[in-house]
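Once you know that position 12 of the sequence shown is 12 in UniProt numbering, the rest is easy, because the numbers rise by one and skip nothing. Heads up, the beta-carbon is just placed ideally off N, CA and C, and yes, glycines get one too. What you are looking at is a predicted structure, and each value in this text was computed from that prediction instead of being measured. First up is the structure itself, then whatever we jot down about it.
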Amino acid sequence: MLRDRSLFAIRSVPAEQVYPIRSSVLLDGDTSQCRFRGDDQDSTLHLAICDGDAIVAAATVCQEAFPGSPGDNAWRLRGVAVDPSMQRYGFGRMLIKLCFDHARKEGGRIVWCTARESARGFYEALGFASASPPFTLPTRGDVLFYEMHYVLPGEPVTDVE
Ligand SMILES: CC(C)(COP(=O)(O)OP(=O)(O)OC[C@H]1O[C@@H](n2cnc3c(N)ncnc32)[C@H](O)[C@@H]1OP(=O)(O)O)[C@@H](O)C(=O)NCCC(=O)NCCS
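Have a look at this one:
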């Protein structure tokens with residue numbers, strides 16, 4: 001059972017601090033691929049949920065065009081990762097809502113991601129839709145991915161617990 005969630009802190013952190021959890025949760029421990037395009041843009045937000053000094057969940061949102069859609073109002077989620085022992089306690093949802101909030105404050109209208117098959121239901125639970133057929137990536141031929149998107153409503157996000 002999880003400890004009281006109020007004992008965890010949510011922080012905006014420098015990109016380097018999310019690399020370890022990206023590597024362990026998303027990249028099978030590979031540390032050579034954990035830096036993503038967009039990490040160093042001024043408008044990019046890296047969020048971490050911390051248990052003391054340990055980062056147990058993280059997500060990044062950066063401005064990046066939605067494939068096939070012109071305009072600069074699209075934001076991309078990257079490196080959404082929750083430590084396996086902390087999954088299904090609402091941390092992923094909390095991080096995505098804060099990323100939505102950031103994108104909206106920066107004038108974003110759409111948030112999109114490349115979701116792996118195993119996480120597709122998570123994004124669907126948060127209201128994301130997918131219009132694209134599944135595809136593989138050159139670096140991950142063993143995993144199916146889906147391009148998923150969420151159109152931000154006009155009102156600010158206020159329901160983060
Ligand atoms: C996918 C992931 C980010 C979800 O984070 P989480 O903290 O476990 O998810 P939450 O507890 O916030 O769940 C939010 C909702 O999504 C659902 N959900 C979570 N993971 C799911 C999954 N893998 N499949 C289907 N639904 C899922 C939950 O049941 C919950 O729905 P509900 O509110 O209707 O009950 C996390 O499991 C993870 O890091 N997985 C491994 C890495 C990964 O796949 N990252 C995404 C890269 S594309």
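Identity of the residue in Ala74, Ile96 and Leu27 nearest Ala125 by Cα: Selected option, being the one with the closest Cα: Ile96.
Close Cβ partners of Phe66 (< 6 Å) along its chain, the five nearest in sequence each way excluded: A distance below 6 Å between beta-carbons, with the five flanking residues on each side excluded, links Phe66 to the following residues of its chain, in chain order: Ala74, Ile110 and Trp112.
Contact test: Ser32 Cβ vs ligand 1 heavy atom, cutoff 8 Å: No - ligand 1 has no heavy atom lying nearer than 8 Å to the Cβ of Ser32.
Given 8 Å, three or more beta-carbon pairs between the region 14-21 and the region 36-50: Output reads yes: the region 36-50 touches the region 14-21.
Buried versus exposed call for Val56 [16 or more other C-beta atoms within 10 Å across all chains shown]: With 16 or more neighbouring CB atoms inside 10 Å of its own CB, Val56 falls in the buried class.
Phe135 versus Met148, Phe128, Gly127 and Tyr123, residue with shortest Cα-Cα distance: Nearest C-alpha to Phe135: Met148.
Check whether Leu152 and Gly108 have beta carbons under 9 Å apart: Yes, these two residues count as a Cβ contact at 9 Å.
Contacts around Leu26, its chain only, beta-carbon distance under 6 Å, and the 5 residues preceding and following it disregarded: Within the same chain, Leu26 has close Cβ partners Ala81.
Residue interval of the alpha helix (DSSP H) (run including Glu147): No alpha helix (DSSP H) holds Glu147; the beta strand (DSSP E) holding it covers Arg140 to Val151.
Residue burial classification, Val139 (beta-carbon count within 10 angstroms, cutoff 16): According to the sequence provided, residue 139 is Thr. The question's Val does not apply to it. It counts as exposed.
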